[in-house]
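Student: What follows is a structure written as structure tokens; I'll ask about it next.
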């Protein structure tokens, strides 16, 4: 004589006695777990994962609707951070959205880049920051810089253009001056100088 298997639904874990949690009993048996139990098991597994801390959590880009972009603002064109120098919007055609034609200058290479995007679509906008540093030393094509907090860095190259020549000349003349450093994504570049008064 064969035993009949019970088709009763499993009790909710909170309904069982507090001495032995029902969830642990269910994990040990070989049955398909109900959905409420599976979620509990996944949550239990998730708590065992060790997360390492990263940076401050700031993203290097954020999305913005194409129609909300403005001239002299920033946008990513062909995966490069660009300053918008020209913008024009075409009329809505028979195939939907109005199109926005963007012309931008790469903030690091000064190359002109163009893109066309439907006005309702999102485009990535780079987080562009500018920070001033005092020049401590110029040596072998690199700058030694100090920020407001007294922290130093020696990883920025001297620009190989007129600005680089101006920095070297000011340093050789013994002037006290600062440089402005532009940062976007993982790139940084010296973009200007300021005399300390």
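Numbering (our numbering), first residue to last: 48 to 244.
Ideal placement from N, C-alpha and C gives every residue a C-beta, glycine not left out.
Quantities reported herein were computed from a predicted structural model and do not represent experimental measurements.
1) Thinking just about the alpha-carbon of each residue, which of 184, 215, 228, 176 is nearest to the one in residue 108?
2) For residue 217, which three-state DSSP category applies?
3) What residues are listed by DSSP as bridge partners for residue 178?
4) Taking the straight line between their C-alpha atoms, what separation do you get for residue 185 and residue 212?
5) Mapping DSSP to helix, strand and coil, what is residue 130?
6) Short of 8 Å in beta carbon distance, which residues of its chain neighbour residue 189, apart from the five on each side in sequence? Order them along the chain.
7) Taking DSSP as the reference, what is the three-state secondary structure of residue 210?
8) Would you kindly report the start and end of the unbroken beta strand (DSSP E) that includes residue 114?
9) Have a look at the DSSP bridge pairing and note the partners of residue 222.
10) Out of 230, 210, 115, 241, point me to the one whose CA is closest to residue 168's CA.
11) Look at the alpha carbon of residue 240 and the alpha carbon of residue 141, and state the distance between them as a whole number of angstroms.
12) With a 10 Å radius around its C-beta and 16 neighbouring C-beta atoms as the bar for buried, classify residue 110 as buried or exposed.
Tutor: Result, derived from the coordinates:
1) 176
2) helix
3) 228
4) 11 Å
5) strand
6) 201, 202, 203, 204, 205
7) helix
8) Run containing residue 114: none; DSSP gives neither H nor E here.
9) Paired residues: none, contrary to the question.
10) 115
11) 51 Å
12) exposed
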